[in-house]
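S.K.:
Residue numbers (my numbering): 2 to 219.
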């Protein structure tokens, strides 16, 4: 019964991919990004330092018994990853498949090189900029003055480490993706592998000091 249900769901998903590929991939990426940010917020809660009772100056220094959850932050992150990142990936992978057709090591190597050395060094800093800007504007509710400049500084500061982390994971993952995964499922594969990666990006974007005028994070 469970296997039959999963098979039917997969068939329906494949049908949606054929009929509405971009919107289906966007909604899938949105859901995966939600999961990634939920994981990131939980990690933040678990890793937050808790001072001993004797050193606390006020009750707010005590870590909550249950993880606080910031829905606005999740929506900002998932909206960008779903409705910007996924469509870009869709058309980019189609371009790579046309430019370097086949699944030979040579063709796949060229696709991975183009992806990791062509798109990623541009798209990753752009992602960090957009997430920081949107987080400051819509989550932290910072004043609009100098938001682009602050977001650019954040992206410039985080991009080198983010690129190194990216190259530790994604060249191998994309080799598997381009060699073994059907084209219509390649964005889904990246989404699934990217649950942990989305958590890393969300943690990086949320870790930057923000203005304290209107605090939203708990």
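Yeah, the Cβ is synthetic: ideal placement off N, Cα and C, and Gly gets one too.
Remember, predicted model here, so these are calculated numbers, not experimental data.
1) Evaluate residue 121 with the Cβ neighbour count: other Cβ atoms within 10 Å of its Cβ, from every protein chain shown; 16 or more gives buried, anything less gives exposed.
2) Please state whether DSSP places residue 200 in a helix, a strand or coil.
3) So, do the region 85-103 and the region 111-121 have three or more beta carbon pairs nearer to each other than 8 Å?
4) Rounded to whole angstroms, how far is the Cβ of residue 129 from the Cβ of residue 156, which I believe are closer than 8 Å?
5) Closer than 6 Å by C-beta to residue 175: which residues in its own chain qualify, once you throw out the five before and the five after it? Chain order, please.
6) Secondary structure at residue 110, three-state DSSP: helix, strand or coil?
7) Work out the CA separation of residue 180 and residue 5 for me, nearest whole Å.
8) Along the chain, where does the alpha helix (DSSP H) containing residue 47 start, and where does it finish?
9) Does residue 185 come out as helix, strand or coil in the three-state DSSP assignment?
10) So, helix, strand or coil for residue 146, using DSSP?
11) So, helix, strand or coil for residue 9, using DSSP?
12) Assign residue 87 to buried or exposed, taking buried as 16 or more other Cβ atoms, counted over all protein chains shown, within 10 Å of its Cβ.
M.R.: Working from what's here:
1) buried
2) helix
3) yes
4) 4 Å
5) 113 and 116
6) helix
7) 28 Å
8) 22-48
9) helix
10) coil
11) helix
12) buried
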